[in-house]
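Numbering (my numbering), first residue to last: 5 to 74.
Just below is one structure, and these are the notes that go with it.
Okay, structure coming up:
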């Protein structure tokens with residue numbers, strides 16, 4: 005009898021977003037730099053509800069924020 009749920013993990017990579025990211029886009033930025041700034045800006049959302057939503061999405065997509073404290 006086949007199992008009712010078949011599971012295979014498709015994505016095992018974790019993406020780390022180093023903070024702080026760029027605060028604004030500039031001409032000539034690469035796609036990676038633009039994405040880095042965009043994701044860093046989401047992390048800094050002013051609303052606690054929005055930060056919780058972003059955190060939930062990051063957990064689903066294996067994205068982790070890394071804060072570098074100097």
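Glycine is no exception: its CB is placed at the ideal position from the N, C-alpha and C atoms.
The structure displayed is predicted, hence computed values, not measured ones.
Sub-8 angstroms separation of residue i and residue j beta-carbons
i          : j          : result
residue 51 : residue 41 : no
residue 70 : residue 23 : yes
residue 58 : residue 46 : yes
residue 25 : residue 44 : yes
Helix, strand or coil at residue i according to DSSP, with G and I counted as helix
i          : result
residue 30 : coil
residue 59 : helix
residue 45 : helix
residue 37 : helix
Which residues DSSP lists as bridging residue i, in chain order
i          : result
residue 22 : 70
Nearest neighbour of residue i, chosen from the options [CA to CA]
i          : options    : result
residue 36 : 60, 72, 21 : 21
residue 18 : 32, 64, 73 : 64
Proximity test, residue i beta-carbon vs the ligand FMN heavy atom, cut-off 7 angstroms
i          : result
residue 31 : Looking at this structure, you won't find the ligand FMN or any other ligand, since it has none at all.
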